[in-house]
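Accompanying notes for the structure given below.
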Amino acid sequence: MPYLPSSYSPSLVLASLLIATLASYVALDLARRVRSSDAAVARSWWIGGSVALGTGIWAMHFVGMFAFELPIDLGYRVAETALSWVAAVLVSAIALSVASRGTLNLRRLVTGAATMGGGICAMHYTGMAALDMAPGIEWNWWLVLASVLIAVGASAAALQIFFWLRRVEQRRFGFQLAAAVVMGIAICAMHYTGMAAARFPAGTICLSANALAGDELGGIVMLASFLLLGMTLFTSTLDARAQSRSSQLAASLKTANTELQSANEELQRRAFRDPLTDLPNRLLFEDRLKHALARCARALDERNGPASRQREHLAVLCIDLDGFKPVNDSLGHAAGDQVLRELAQRMAGVARERDTVARVGGDEFVMLLEGLPDEADAVALAQRLLHTLEVPVVLDGEALHISASIGIALYPTHGADKLVAHADAAMYAAKRAGGKTFAVFESHMDARASEQLALRSDLHHALADGQLALHYQPKFDSRRGQLRGVEALMRWNHPTRGMVPPDLFIPVAERFGMITELGNWVIDEACRQMRKWDEAGLRINVAVNLSVHQLRQPDLVERVRCALERHGIGPERLLCEITESVAMEDTRTTQQAFEGLREIGVYLSIDDFGTGYSSLAYLRQMPAQQLKIDRSFVRDLATSSDARAVVDAVIKLAHGLNLSVVAEGVETGAQRDILLELGCNELQGYLFARPMSAAALVAWAAGQRPEGAAGFSPSVFREEAV
1 MPYLPSSYSP
11 SLVLASLLIA
21 TLASYVALDL
31 ARRVRSSDAA
41 VARSWWIGGS
51 VALGTGIWAM
61 HFVGMFAFEL
71 PIDLGYRVAE
81 TALSWVAAVL
91 VSAIALSVAS
101 RGTLNLRRLV
111 TGAATMGGGI
121 CAMHYTGMAA
131 LDMAPGIEWN
141 WWLVLASVLI
151 AVGASAAALQ
161 IFFWLRRVEQ
171 RRFGFQLAAA
181 VVMGIAICAM
191 HYTGMAAARF
201 PAGTICLSAN
211 ALAGDELGGI
221 VMLASFLLLG
231 MTLFTSTLDA
241 RAQSRSSQLA
251 ASLKTANTEL
261 QSANEELQRR
271 AFRDPLTDLP
281 NRLLFEDRLK
291 HALARCARAL
301 DERNGPASRQ
311 REHLAVLCID
321 LDGFKPVNDS
331 LGHAAGDQVL
341 RELAQRMAGV
351 ARERDTVARV
361 GGDEFVMLLE
371 GLPDEADAVA
381 LAQRLLHTLE
391 VPVVLDGEAL
401 HISASIGIAL
411 YPTHGADKLV
421 AHADAAMYAA
431 KRAGGKTFAV
441 FESHMDARAS
451 EQLALRSDLH
461 HALADGQLAL
471 HYQPKFDSRR
481 GQLRGVEALM
491 RWNHPTRGMV
501 PPDLFIPVAE
511 RFGMITELGN
521 WVIDEACRQM
531 RKWDEAGLRI
541 NVAVNLSVHQ
551 LRQPDLVERV
561 RCALERHGIG
571 PERLLCEITE
581 SVAMEDTRTT
591 QQAFEGLREI
601 GVYLSIDDFG
611 TGYSSLAYLR
621 QMPAQQLKID
631 RSFVRDLATS
641 SDARAVVDAV
651 IKLAHGLNLS
661 VVAEGVETGA
671 QRDILLELGC
681 NELQGYLFAR
691 PMSAAALVAW
701 AAGQRPEGAA
711 GFSPSVFREE
721 AV
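For the sequence shown, the numbering used here begins at 1 and goes up steadily by one.
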């Protein structure tokens, strides 16, 4: 059968190739934009890019159709032409969607190429259907199949190029342009192969010749497509530069803030880490325990049946070292620190990766075990811990034998709220059994833990409810009989228990991380009371006790300075006392805290001197002004020559270091006389005055002594007092 001869306009063919190449270049550029980390921005680029890219591909097809010439007038129906444009936009949307994915595997490549190729064919042959020919077009199905294969192959190549260009940084423009030319040629090859598949019998006429047609329309389509693609590329380039600029600014800010971030990380590390062992501290342990309990509770709620519940055990182990105190007493705290670091490393080595080992006290540790199948696993780990800790620690050639007492509490078996207290109670049971063993919590162990938990709960409310108060015990100049100041002592008037002894609630506060808050309150309350006394015409200096937890506060000095300034008190009127054992536990931290306090003018004293191990080198470096002899030596002064020799040596040592000496616990005239003979500077004890409330102290100063007060007259209590 004879067919109408066909030809192509070379200029329009070239124009279609340029449009296809430009559309491909824009597609490669848009593939980067739709991968933005900002979901809203990526979605906007995907929608706008799909329209622009689809219009460009469709324009190439439409211009290619205009390049096709027959010896009859041709025109294109509007509906099919518009539908082919929609197909082009959908194909572009699919291409950009696949390009935005993380990786290109074989399945995604095959699926994407087939979908895109099918869409391109749909666009092309829908556009061809816009030619309303009579009789209809006859197709060479081999060429139609070839065009389909070319469309699918071109789509697969395009997807691979999209992902390949992600890894290209150098000479990106050249590679992208070359890839665009290859893709443009592939698109044109598909189009013109599809055109070659169409044959028009002789005598065919175009019934849609009066629809879309004319060289002017072709020119408008080309111009519009070039402008749209050019604007899209220009916008993409501006966005890329803006993102690059933002990245540079972000990098610059990151570089500028490196030191600040490092400082913040160090502060955070200090807040959540034990400074000696670098293990988590109590604060971090409690946070991890809270989250672990929440995870475990959720897992239990999501499962049914006892078999599954057994796989969700959680355990807390309280570990207390046996025989550690003699190490400190005989070898010193520096050696003790080395032992603690060694044993901490051993515990961390026994623990699993997901477990937490924390140091919560001098020789006290806790361990959190998650994801235990049953109680036997916790017991097995406790046994491994015991064996590991029993291995002697070799220090300067000497083998030191340390063991441990371990208490175990499990969740959900032993509940959640008292888990640490239950483990602690079990640990004390192990220690009472002779140590060097472990114990699993049992209900009869709960009495002591319940008592501590009750005290902890009540102590939380004590500050807010005004149950805490300071009592003050006077200190006197031993030679002149003048009052030198008072020592602030914390008292807790419980609404139902009455007066709770400090030796009962202070260990609870230390054990449960509340001692720092109480210590800060004592400093502020002492300064407030000094101001109140000043307003009443009484000038009284106050000594307060600092705990080891306060010494480790990075803002301790600032807190003290702010309290003094807030109440208008001179720093020389506040004396901070720290026990000898605490001072020697972490000498570096103590010295830093003391130096900071000394710089702002606060007086410093080492309390309970003689009960612990002090290095004279450290003592000489400490910026203290005073030593306080422990009451145990004062108690035996009149009956023990050894006690008298120790007190005499301490006083001479202190005077040799230009330190004043205070003796506490003076209760008899004989003790007073001996201390005066030995040259002690200040005396404090029941012989002169018991601790009393602020109001009682004012009355005492006015000569209205509370019952039991004796000794020196307070007549020189007013402005003459230092």
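Built from N, CA and C at the ideal position, the CB exists for glycine as well.
| Asked | Found |
| --- | --- |
| Rounded straight-line distance, which links the Cα of G127 to that of I57 | 12 Å |
| Environment of Q764 [buried if 16+ CB atoms lie within 10 Å] | There is simply no residue 764 to check, as the chain begins at 1 and stops at 722 in what is shown. |
| 8 Å Cβ cutoff met for W521 and L468 | yes |
| Beta-ladder partner(s) of C206, from DSSP | M133 |
| Opening and closing residue of the beta strand (DSSP E) in which F633 lies | Careful: F633 lies outside any beta strand (DSSP E), inside the alpha helix (DSSP H) at R631 to R635. |
| Residues near G596 in its chain [Cβ-Cβ closer than 8 Å; skip 5 each side] | L556 and V557 |
| Opening and closing residue of the alpha helix (DSSP H) in which Y428 lies | L419 to R432 |
| Cα-Cα separation between A271 and F285, rounded to whole angstroms | 12 Å |
| Neighbourhood of R723 by C-beta distance below 7 Å, restricted to the same chain and skipping five residues each side | This structure cannot settle anything about residue 723, because the visible part of the chain is limited to 1 through 722. |
| Three-state secondary structure (DSSP) of S308 | The pLDDT assigned to S308 is 44, lower than 50, so where the model puts this residue is not dependable; a value taken from the coordinates is nonetheless given after this. Of the three classes helix, strand and coil, the one that applies to S308 here is helix, per DSSP. |
| Any alpha helix (DSSP H) of 4 or more consecutive residues that is wholly inside the region 437–463 | 446–462 |
| Three-state secondary structure (DSSP) of N281 | coil |
| Local Cβ density within 10 Å of V394, reported as buried at 16 or more and exposed below that | exposed |
| Contained beta strand (DSSP E) runs [length at least 3] in the region 473–544, N- to C-terminal order | 483–494 and 498–500 |
| Alpha-carbon spacing of A129 relative to A157, whole angstroms | 28 Å |
| Whether L289 touches L368 by CB criterion (8 Å) | yes |
| Burial state of L14 (16 or more Cβ within 10 Å) | exposed |
| Close Cβ partners of E69 (< 8 Å) along its chain, the five nearest in sequence each way excluded | S6, S7, Y8 and S9 |
| Reference L697, options Q553, R631, G656 and V542, closest by Cα | V542 |
| At least 3 beta-carbon pairs within less than 8 Å: the region 434–443 vs the region 385–392 | yes |
| Beta-carbon proximity list for L293, same chain, < 6 Å, skipping 5 on both sides | A416 |
| Same chain, Cβ closer than 6 Å to A563, five either side skipped, listed in chain order | I523, D524 and C527 |
| Closest residue to H191 among V181, V144 and A178 (Cα-Cα distance) | V144 |
| Inter-residue Cα distance where the pair is I120 and P2 | 30 Å |
| With 16 other Cβ atoms within 10 Å as the buried cut-off, status of L207 | exposed |
| C680 (DSSP reduced to helix, strand or coil) | coil |
| Contact set for L18: own chain, Cβ-Cβ below 6 Å, skip 5 residues either direction | none |
| Rounded Cβ spacing between V634 and I600 (contact assumed at less than 8 Å) | At roughly 32 Å, the Cβ-Cβ gap does not stay under 8 Å, so V634 and I600 are not in contact. |
| V152 - DSSP class collapsed to helix/strand/coil | helix |
| Reference L109; option with closest CA among A351, V152 and Y125 | V152 |
| Contacts around A209, its chain only, beta-carbon distance under 7 Å, and the 5 residues preceding and following it disregarded | D73, L74 and G75 |
| Separation of R77 from L131, as counted between CA atoms | 7 Å |
| Three-state secondary structure (DSSP) of I600 | coil |
| Separation of A198 from A113, as counted between CA atoms | 24 Å |
| Assigned secondary structure, L22 (DSSP; H/G/I helix, E/B strand, else coil) | helix |
| Other residues of its chain near G708: CB distance less than 7 Å, five sequence neighbours each side excluded | Low per-residue confidence applies at G708: pLDDT is 43, beneath 50, and the placement is therefore not dependable enough to give any value. |
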